[in-house]
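Since the structure comes first, as structure tokens, the remarks are kept for the end.
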Amino acid sequence: MVCKCTLQVRTYECDSYGHVNNANYLNYLEFARYEFLKTIGFDYPAVIKAGYGVFVARIEIDYKRPAVVDDALVIRSWSVKKGAVSGIIAQEIKRGEDLIVEAKVTWAFVDASGQPAKIPPSWDVPGLKPKDNEY
């Protein structure tokens, strides 16, 4: 399943060159991953309430083009790998047909002490598993 969400670049997210500061893309991607989790039925607030967490272990980002103030961006997110305790979500940010950013985010499901833990069946939703034709 591919989840799409949109946002508009705000003035305070840009650097002195008028481009979105590279660190702000992490916020964009995080926002989109949360929307992805909601869309696939993964109840993140319930996971936290139960004492678990989903930690980001690694992010690979390729910056392709700059985004600027008022750009309307579309962020696509989808699962490309899923194991018993971790996986990878691929993401891309586009402005129209222009690819702005490509990213792969490795995540790990953890217990209350921050140690990797197997995802309980109630949260191991089908949308976390990749589809062969989605990447």
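For the sequence shown, the working numbering gives the first residue as 84, with consecutive numbering after it.
Even for Gly, the Cβ is constructed at its ideal location relative to N, Cα and C.
None of these values were measured; they are calculated from a predicted model.
The three-state reading of DSSP puts G210 in helix, counting H, G and I together.
When the five nearest sequence neighbours on each side are left out, the beta carbons in the same chain lying within less than 8 Å of the beta carbon of V85 are those of R159, S160, W161 and E217, in order along the chain. V130 sits in a helix when the DSSP states are folded into three classes.
Spanning the alpha carbons of F192 and E118 requires a straight line of approximately 18 Å. Taking C-beta atoms under 8 Å as the contact rule, K187 and I171 qualify, at a distance of about 6 Å. Residue environment analysis places Y95 among the exposed positions, since fewer than 16 neighbouring C-beta atoms fall within 10 angstroms of its C-beta.
By the neighbour-count criterion, in which 16 or more other beta carbons inside 10 Å mark a residue as buried, R148 falls on the exposed side.
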